[in-house]
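Let me begin by presenting the structure, written as C-alpha cells, before commenting on it.
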Amino acid sequence: MDFRLTEEQEMIRDMVREFAEKEIKPKAAYYDETEEFPLETLTKLAELGLMGMNIPHEYGGSNVGTIAHSLAITEIAKGCAATAVTTSVTNMVAEVIYEFGTEEVKSKHLPKICSGEYPAGSFALTEPQAGSDAANLRATAVRDGDYYVINGQKTLITSGEHAGVTVVWAVTDKEAKKGKGISAFVVEQGTPGFIVGKNEEKMGQRASTTNDLFFEQCRIPKENLLGEEGDGFKISMMELDGGRIGIASLALGLGYAAIDYAAEYAKEREQFGQAIANFQAIQWMVADSYTELDAAQLLVLRAAFLKDNRLPFTKEASMAKLFTSETARKVTIRAIQILGGYGYTKEYPVERYHRDVIVTTLYEGTSEIQRHVIARSILGRKLGVYR
Ligand code: CAA
818 MDFRLTEEQE
828 MIRDMVREFA
838 EKEIKPKAAY
848 YDETEEFPLE
858 TLTKLAELGL
868 MGMNIPHEYG
878 GSNVGTIAHS
888 LAITEIAKGC
898 AATAVTTSVT
908 NMVAEVIYEF
918 GTEEVKSKHL
928 PKICSGEYPA
938 GSFALTEPQA
948 GSDAANLRAT
958 AVRDGDYYVI
968 NGQKTLITSG
978 EHAGVTVVWA
988 VTDKEAKKGK
998 GISAFVVEQG
1008 TPGFIVGKNE
1018 EKMGQRASTT
1028 NDLFFEQCRI
1038 PKENLLGEEG
1048 DGFKISMMEL
1058 DGGRIGIASL
1068 ALGLGYAAID
1078 YAAEYAKERE
1088 QFGQAIANFQ
1098 AIQWMVADSY
1108 TELDAAQLLV
1118 LRAAFLKDNR
1128 LPFTKEASMA
1138 KLFTSETARK
1148 VTIRAIQILG
1158 GYGYTKEYPV
1168 ERYHRDVIVT
1178 TLYEGTSEIQ
1188 RHVIARSILG
1198 RKLGVYR
C-alpha cells in the first residue's frame, strides 16, 4: 500500500491550491453576498483543465483521474464552495455523457463542457416528490418518430440556468416496475419547451444556482438518449456514486479551510494574558479536527482509487460522503467556537464555511440515504426482510 500521491497529482493539487488562494478566495465573500454566478472563475478553471478531469483528451478533457479530481475540488472548496459544487457537478455531467452518449452527442457537447464554452452542466434528476426516493419520477418522455417529447418538472437543479447542457431523467415506460422504466436524455440550453424557473435563495453556497426546470412539449432528437431506454435509473445511481466523491472532497475543503483559519486565529488571539492556542481546550479542538479530517480524506481517496481502478466503489463513496460531510460540519462549528463571538459575525469567514457545509449532508443523497446504501451493502439489498 502506497499513500503517496503521484507527481502529477501533487502538481495538480498545488496548482489549484495556488489558484484558489489567489483568485478564488478573495472573491468568495462577494459571491456569497451578491449570489453572482462565478462565471469568470469557472472559465479559468476550465482553461486549467478542471472541467473534464475524467474525460479523454480527444474530447478536450484532461483525463487525470478521480484522485486528482478529488484533490482539485478540495482546494477549490477552500476558496469558494459555490464554485466547487458547480465544478463537481459539471464534471459528473461530462462523465455521464462520456460513458453513455452516442459518438455524435459526445463530440458535440464534451469539448464545450471541457473548454468552458458551456459555463456548466446540470444533472436534472430530482422532482418535487422525488428527492431521496429518486425513482419516483413523474416527468415523462414519449417517443414520437425521430424525437422524444419531454414533459414535467425538475427542482433544486444545480446550475440549471447556466448549463449549456442538462441531463434529464424521465419515465419512458409507465407500466414498468419502479426504477425500470426511466431513461436519461441530453437536453441543450435553448431547446423550445425547456423553461428555466426560479433560482432558490439559499443559506449557503449562494453563488451556485439552484433552479426549477420545466419541460413543456420539449422535443429532442432520439439520439440524445443516454444508454438504452429503461437504463436511466441505474445510470443515475452509477453517476451519483462518482458525484458523491466530489461532494465529499468539497466538504473536506470546507472543513480544512475552517480549522486552518481557526488554528491561525488561536495563535494570535490573546485572552488571560496569553494566546488562546496555549489552552488545552483549544488544542484538543484543533487536534480532533485535523485527525478527523485526515481520516475523512483517507476514505475519500480510497473511494477515488477504487473508481480509478474500475473496482466497485458504491459503498465506499457513500462512506466517504457520509463521514466527510458530517465531520466537516462538526469542524466548522468548532472553528466558530474557537473564534468565539467573532466567529458568529460576517467579518470572519468561518460562519460562511458553516453555512456552506450544511448542504453537503443533503445533496447528492442525504446522510440518511448514504447510511441506507452502506447498510444494505453489508446486510443485503432487500432491507425489511429481517425479523
Ligand atoms: N450502481 C449501479 N446500479 C445501482 C446502484 C449503483 N450504485 N444503486 C442501485 N442500482 C440499481 C439496482 O441494482 C437496481 O437494479 P436491479 O433491480 O436491476 O438490480 C436499480 O438500480 C434500482 O435500485 P434500488 O432498488 O436500490 O432503488 P431504490 O428505489 O431502493 O433507491 C436509493 C435507492 C439509494 C435510495 C436511491 O433512490 C438514491 O440514491 N436516492 C438519493 C437520490 C440522490 O442522491 N439525489 C441527488 C440528486 S442530484 C444532486 O443533488 C446533484 C446536485 O445538483 C448537487
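Numbering (our numbering), first residue to last: 818 to 1204.
C-beta atoms are modelled at their ideal positions from N, C-alpha and C, and glycine is treated no differently.
Residue span of the alpha helix (DSSP H) that contains residue i, given as start and end
{"i": "residue 862", "result": "856–864"}
{"i": "residue 1064", "result": "1049–1085"}
{"i": "residue 833", "result": "824–836"}
{"i": "residue 849", "result": "842–851"}
{"i": "residue 885", "result": "883–896"}
{"i": "residue 978", "result": "Neither: residue 978 is in no alpha helix (DSSP H) and is coded neither H nor E."}
{"i": "residue 1230", "result": "Residue 1230 lies beyond the residue range present for the chain, which begins at 818 and ends at 1204; the question has no answer from this structure."}
Unbroken beta strand (DSSP E) run spanning residue i, endpoints
{"i": "residue 1015", "result": "1011–1016"}
{"i": "residue 1111", "result": "No beta strand (DSSP E) holds residue 1111; the alpha helix (DSSP H) holding it covers 1097–1125."}
{"i": "residue 1034", "result": "1027–1038"}
{"i": "residue 1137", "result": "Careful: residue 1137 lies outside any beta strand (DSSP E), inside the alpha helix (DSSP H) at 1131–1156."}
Simplified DSSP assignment, three categories, for residue i
{"i": "residue 968", "result": "strand"}
{"i": "residue 1044", "result": "coil"}
{"i": "residue 1204", "result": "Confidence is the limiting factor: at residue 1204 the pLDDT is only 48, short of 50, which leaves the residue's position unreliable and the question unanswerable from this model."}
{"i": "residue 1088", "result": "strand"}
{"i": "residue 1008", "result": "coil"}
{"i": "residue 983", "result": "strand"}
{"i": "residue 1162", "result": "coil"}
{"i": "residue 1183", "result": "coil"}
{"i": "residue 902", "result": "helix"}
{"i": "residue 1194", "result": "helix"}
{"i": "residue 1093", "result": "helix"}
Cut-off 8 Å between Cβ atoms - residues of its own chain near residue i, not counting five sequence neighbours on either side
{"i": "residue 1040", "result": "919, 921 and 922"}
{"i": "residue 888", "result": "822, 826, 829, 830, 833 and 1066"}
Contacts around residue i, its chain only, beta-carbon distance under 6 Å, and the 5 residues preceding and following it disregarded
{"i": "residue 1204", "result": "Note on residue 1204: pLDDT 48, under 50, position unreliable in the model; no value is reported."}
{"i": "residue 1036", "result": "964 and 966"}
{"i": "residue 1139", "result": "1184 and 1187"}
{"i": "residue 875", "result": "none"}
Below-8 Å beta-carbon distance, residue i vs any chain D residue
{"i": "residue 1128", "result": "Protein chains in the displayed structure number just one, and chain D is not present."}
Neighbourhood of residue i by C-beta distance below 7 Å, restricted to the same chain and skipping five residues each side
{"i": "residue 1052", "result": "913, 917, 1001, 1043 and 1044"}
{"i": "residue 1146", "result": "1174, 1175 and 1178"}
Assess contact between the segment 1045–1063 and the segment 1000–1011, defined as three or more Cβ pairs (one per stretch) separated by less than 8 Å. Is contact present? With the cut-off at 8 Å, the segment 1045–1063 and the segment 1000–1011 touch.
Which complete beta strand (DSSP E) runs does the segment 905–967 hold, if anything under 3 residues is left out? Secondary structure remark: continuous beta strand (DSSP E) runs of at least 3 residues inside the segment 905–967, in chain order: 937–941 and 957–961.
So, does the segment 1000–1019 touch the segment 1071–1082, judging by three or more C-beta pairs under 8 Å? No, the segment 1000–1019 does not touch the segment 1071–1082.
So does the segment 987–995 actually touch the segment 940–959, counting three or more Cβ pairs closer than 8 Å? Result yes; three or more Cβ-Cβ pairs closer than 8 Å.
Inter-stretch contact (C-beta, 8 Å, three-pair minimum) for the segment 889–909 and the segment 1061–1071: The segment 889–909 makes contact with the segment 1061–1071, as at least three CB pairs between them are under 8 Å.
Quick one: any contact between the segment 1087–1096 and the segment 1159–1171, if contact means 3 or more CB pairs under 8 Å? Result no; under three Cβ-Cβ pairs closer than 8 Å.
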